[in-house]
Structure formats: structure tokens, C-alpha cells
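*Asks:* Residue numbers (the numbering used here): 317 to 504. The beta carbon of each residue, even a glycine, is placed where N, CA and C say it ideally should be. Please read all numbers here as calculations on a predicted model, not as lab measurements.
This is the structure:
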């Protein structure tokens, strides 16, 4: 999960109203809810896959916001703050994210399933365990279809741009100072 939001009360204003702190999250596994497929039959074989870009981005935004809330609640409770104070702090925060979801025009649960499964896919995703995208097979330059020919199947890792989330956490009033760190890598 998203790592380490630390909150400190200050007598002076470290984070002024309307300001924000940027963050970048990388190195996580790619759950199917963070990718999308416009084809109506895909959710039958891969439940939880988003139907469009907006749904995938919405999942990411909710995930990031919930993680920020969870961490700040833990920090507030460990500082023995009353729930009303914690709620007031959380009510002042907003999260904006930048994330480009991976589009899966077709899916395969195994490599064998990938070969010859669709006539002309431009990008196919491999799903392992029904919940995580572990690789892709894309159309090659010149239109060759490596996904449909057993002698040409080349599965590549999910490109880093699909396992990177960046954004900002903003505060409306000067209640908190926020610092992000990434000391651990965990699956989303």
C-alpha cells in the first residue's frame, strides 16, 4: 500500500491553506481494478476489471485517499488526539492524482490462452490469479501479431508508466504538516 504519511502539529504554519505536497508512488503490482477494457465480455473472465479509463482512475483516487486517511487516523490516534480533531483534519485534505490506466483489449489467464485467442488485438494483458496483471503482449511495429502466433509470442513486463501514480495532497487550512516517504514496497 501507499507508504508513510506523517502528520505533525506545529505551533507555526508549515503547510499554509491552499498549499499541497506532491507524491509519486511506484513499484507496486497492478491489480485488475487499475486497468480497463472496453469490451463487455472481459469482466466475465476477469471480474473487477474497470469498464473505462474513468472507472480505473476513480479506483486509484479512492485507493490513494483511503490510504492517506488510514495513515493519518493511525497517526492521530497514536498521538492520542480525539476523533473529532482527527475528523476535522481529514476534512481539510484533498487528493489529486495523475494516472494513466492500461487498456486491455483482450485478456488471457495463461500464456497458452493468449496464443491465437483473438484475431487482431493491439494490446493484450495477461492476468495471473484472477487479480493481477503481470504482463502484456503488444502489436509489433509493422503490424505483426506476436500474440497470435506461437513462434512469436513475446510477453513483456507491465511498463512502469502503468505502475506509477503521482499527485498532490492538498490542505484547505493550515492544520497539518505532511511528509511522504517510501521506505517499503508493498502490493496495492
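1) Looking only at its chain, what residues have a beta carbon closer than 7 Å to the beta carbon of residue 376, apart from the 5 residues adjacent to it on each side?
2) What did DSSP end up calling residue 498 once you bin it into helix, strand or coil?
3) Considering residue 338, what are the terminal residues of the beta strand (DSSP E) in which it resides?
4) Measure from the alpha carbon of residue 453 to the alpha carbon of each residue in 447, 420 and 478, then state which is nearest.
5) Who are residue 287's beta bridge partners in DSSP?
6) Could you please give the first and the last residue of the uninterrupted beta strand (DSSP E) stretch that includes residue 353?
7) Is it buried or exposed, residue 440, if we count other Cβ atoms within 10 angstroms and call 16 or more buried?
8) If I follow the unbroken beta strand (DSSP E) through residue 484, where does it start and stop?
9) Quick check: the Cα distance between residue 353 and residue 361, rounded to an integer number of angstroms?
10) Span of the beta strand (DSSP E) holding residue 414?
11) Quick check on residue 345: does DSSP put it in helix, strand or coil?
12) Please classify residue 545: does DSSP put it in a helix, a strand, or coil?
13) Are residue 341 and residue 474 close, meaning C-beta to C-beta below 8 Å?
14) Near residue 369, which residues of its chain fall below 8 Å by C-beta distance, leaving aside the five closest residues on each side in sequence?
15) Of the residues 371, 402, 372 and 398, which one's Cα is nearest the Cα of residue 386?
*Replies:* The answer reads as follows:
1) 350, 413, 415 and 481
2) Caution applies to residue 498, whose pLDDT of 42 falls short of 50 and renders its modelled position unreliable; the value that the coordinates give is listed next. Looking at residue 498 - three-state DSSP - the assignment turns out to be coil, as it is neither helix nor strand.
3) 336-342
4) 420
5) What the structure shows of the chain is the stretch from 317 to 504, and residue 287 is not part of that stretch, so it cannot be assessed.
6) Careful: residue 353 lies outside any beta strand (DSSP E) and carries neither H nor E.
7) buried
8) 480-487
9) 12 Å
10) 409-414
11) coil
12) This structure does not reach residue 545, given that the chain is present from 317 up to 504, and the question cannot be answered.
13) no
14) 352, 417 and 419
15) 402
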